[in-house]
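A.B. asks: For reference, the structure I am asking about is given below.
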Amino acid sequence: MVHFVGAGSGAADLITVRGAKLLGECDVVIYAGSLVNPALLAYCRKDCRIYNSAEMTLEQVIDAIRKAEAAGETTVRLHTGDSSIFGAVREQFDELDKLGIAYDVCPGVSAFCGAAASLKTEYTLPDVSQTVIITRAPGRTPVPEKQSIAALAAHQATMVLFLSTSLTEKLQRELLAGGYPESTPAAVVYKATWPEEKIFRCTVGTLHKTVMENGLTKTSLIIVGECMGDKYLRSLLYHPGFTTEFREATE
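For the sequence shown, position 233 matches number 241 in our numbering, and the numbering has no gaps at all.
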């Protein structure tokens, strides 16, 4: 059996209870060493074989899994955050399907959730933004034309950008071209929830300067949107004048 496990946003104790249990029971771990906190490997048994997928190709990963299966062993494929977001898992699923190898997925806390916690920010504020766009700037891996930064910026929603801190000069131009005012709040969170986490608050107009001045090139999330501003409407859910299934309005 192969378990795809989301490692969580960074801190070793932010993995799920299920994920930690699977790590403690498995015979083989293949972890994304370029992004996953190595402290998570402390959950593994001492006799567990550990592979760093940062040094492997897809074919080598699948071969390691195939050999473990042939030996009757259990494998954990440990991905950063939640594997459904920029996890490159679909291609692994397809290869395992071809080999008839069973697998399941244990979700994790994505870095975009960890960043919101660190910023003490709610992405979806009434009358500000009820939509969160999770995307990335085009680099060596292209982005579909209809999903360009400028096109998405036109919605003025909360935007969370992965894998983009080395591309902020062009990113800033695209955000502005799409309609975000220069004064729109922004933040760059380096290694959200890790012990070495750092938070840099800025605006869309100062985003590139902030990234360059602080030497941020990777392992950072960029958040853009008025959700980090001061104006919003109070939620009706807890308003005394709003009737819900569980209580009557009192005013």
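Note that the Cβ used here is the ideal one computed from N, Cα and C, for glycine as well.
Please give the ranges of any beta strand (DSSP E) in the stretch 121-188, keeping only runs that are unbroken, at least 3 residues long and fully inside the region.
C.D. replies: Fully enclosed beta strand (DSSP E) runs of 3 or longer: 140-144, 166-170.
A.B. asks: Look at the Cβ atom of Ser137, then the Cβ atom of Gly233, and state whether they are nearer than 7 angstroms.
C.D. replies: Position 129 of the sequence shown, counted from the first residue, corresponds to residue 137. Position 225 of the sequence shown, counted from the first residue, corresponds to residue 233. Yes.
A.B. asks: For the candidate residues Pro115, Ile109, Ala96, Ile93, whose alpha-carbon lies nearest to that of Ala72?
C.D. replies: Locating residue 72 in the sequence shown gives position 64, counting from the first residue. The shortest Cα separation from Ala72 among Pro115, Ile109, Ala96, Ile93 belongs to Ile109.
A.B. asks: For the candidate residues Ile70, Leu22, Asp55, Arg98, whose alpha-carbon lies nearest to that of Leu48?
C.D. replies: Along the sequence shown, read from residue 1 onward, the residue named residue 48 stands at position 40. Out of Ile70, Leu22, Asp55, Arg98, Leu22 has the C-alpha closest to the C-alpha of Leu48.
A.B. asks: Say yes only if the C-beta of Val10 is nearer than 6 angstroms to one or more non-hydrogen atoms of the ligand FMN, and no if none qualify.
C.D. replies: No copy of the ligand FMN appears in this structure; indeed no ligand is present at all.
A.B. asks: Once DSSP output is grouped into helix, strand and coil, what is the label at Ile73?
C.D. replies: Translated into the one-based positions of the sequence shown, residue 73 becomes position 65. Note: Ile73 maps to helix in three-state DSSP.
A.B. asks: Using CA atoms only, rank isn't needed, just tell me which of Val84, Ser172, Glu63 is closest to Phe94.
C.D. replies: By 1-based counting over the sequence shown, the position of residue 94 is 86. Phe94 has its Cα closest to that of Ser172, out of Val84, Ser172, Glu63.
A.B. asks: Spatial neighbours of Met220 within its chain, please: C-beta separation below 8 angstroms, excluding the five flanking residues on both sides.
C.D. replies: Here residue 220 refers to the residue found at position 212 of the sequence shown. The answer, listed in chain order, is Thr176.
A.B. asks: Only counting the same chain, and skipping five residues up and downstream in sequence, which positions put a Cβ closer than 7 angstroms to that of Thr225?
C.D. replies: Here residue 225 corresponds to residue number 217 of the sequence shown, with the count starting at 1. Counting only Cβ-Cβ distances below 7 angstroms, and skipping sequence neighbours, we find Thr173, Ser174.
A.B. asks: When you compare only the Cα positions, how much space is there between Ser126 and Thr201?
C.D. replies: Residue numbering aside, residue 126 sits at position 118 when the sequence shown is read from its first letter. Residue numbering aside, residue 201 sits at position 193 when the sequence shown is read from its first letter. C-alpha separation (whole angstroms): 7 angstroms.
A.B. asks: Please classify Leu241: does DSSP put it in a helix, a strand, or coil?
C.D. replies: Position 233 of the sequence shown, counted from the start, is the residue given in the question as residue 241. Three-state result, Leu241: coil.
A.B. asks: Of all the options Pro115, Leu86, Asp105, which has the alpha carbon lying nearest to the alpha carbon of Ala62?
C.D. replies: Looking up residue 62 in the sequence shown gives position 54. Checked all of Pro115, Leu86, Asp105; the closest Cα to Ala62 is Leu86.
A.B. asks: What's the gap between the Cα of His216 and the Cα of Val196?
C.D. replies: Indexing the sequence shown from 1 puts residue 216 at position 208. Indexing the sequence shown from 1 puts residue 196 at position 188. So the two alpha carbons sit approximately 10 angstroms from each other.
A.B. asks: Assuming Val84 and Ser91 form a contact by the criterion Cβ under 8 angstroms, report the distance between their Cβ atoms to the nearest whole angstrom.
C.D. replies: As a working mapping, residue 84 is identified with position 76 in the sequence shown. As a working mapping, residue 91 is identified with position 83 in the sequence shown. The pair is not a contact, with the Cβ atoms about 11 angstroms apart (cut-off 8 angstroms).
A.B. asks: Just the Cα atoms here: how many angstroms apart are Val212 and Met167?
C.D. replies: Residue mapping note: residue 212 aligns to position 204 of the sequence shown, counting from 1. Residue mapping note: residue 167 aligns to position 159 of the sequence shown, counting from 1. C-alpha separation (whole angstroms): 11 angstroms.
A.B. asks: Please work out which residues of its chain come closer than 7 angstroms, Cβ to Cβ, to Ser228, disregarding the five sequence neighbours upstream and downstream, and give them in chain order.
C.D. replies: Taking the first residue of the sequence shown as 1, we reach residue 228 at position 220. Excluding sequence neighbours, Ser228 sits near Thr173, Val196, Val197, Tyr198.
A.B. asks: For Pro36 and Glu103, what's the separation of their Cα atoms in angstroms?
C.D. replies: For the purposes of this step, residue 36 is identified with residue 28 of the sequence shown, where counting begins at 1. For the purposes of this step, residue 103 is identified with residue 95 of the sequence shown, where counting begins at 1. In the sequence as displayed, the identity of residue 36 is Val instead of Pro. Near 18 angstroms, if we compare the C-alpha coordinates of Glu103 and Val36.
A.B. asks: Please state whether DSSP places Asp21 in a helix, a strand or coil.
C.D. replies: In the sequence shown, residue 21 corresponds to position 13, counting from 1. Looking at Asp21 - three-state DSSP - the assignment turns out to be helix.
A.B. asks: Hey, how far is the Cα of Ala124 from the Cα of Leu184?
C.D. replies: Here the question's residue 124 lines up with position 116 in the sequence shown. Here the question's residue 184 lines up with position 176 in the sequence shown. Those two C-alpha atoms are separated by around 23 angstroms.
A.B. asks: Since Gly186 and Ala158 should fall inside the 8 angstroms C-beta cutoff, what is the C-beta to C-beta distance between them, to a whole number of angstroms?
C.D. replies: Residue numbering aside, residue 186 sits at position 178 when the sequence shown is read from its first letter. Residue numbering aside, residue 158 sits at position 150 when the sequence shown is read from its first letter. With 8 angstroms as the limit, Gly186 and Ala158 qualify as a contact, their Cβ atoms being about 4 angstroms apart.
A.B. asks: Kindly indicate the opening and closing residues of the alpha helix (DSSP H) around Thr218.
C.D. replies: Taking the first residue of the sequence shown as 1, we reach residue 218 at position 210. Taken as a continuous stretch (DSSP letters only), the alpha helix (DSSP H) holding Thr218 covers 215-221.
A.B. asks: With DSSP run on the structure shown, which of helix, strand or coil describes Gly32?
C.D. replies: Along the sequence shown, read from residue 1 onward, the residue named residue 32 stands at position 24. Three-state result, Gly32: helix.
A.B. asks: Cα separation between Ala145 and Leu160?
C.D. replies: For the purposes of this step, residue 145 is taken as the residue at position 137 of the sequence shown. For the purposes of this step, residue 160 is taken as the residue at position 152 of the sequence shown. About 11 angstroms.
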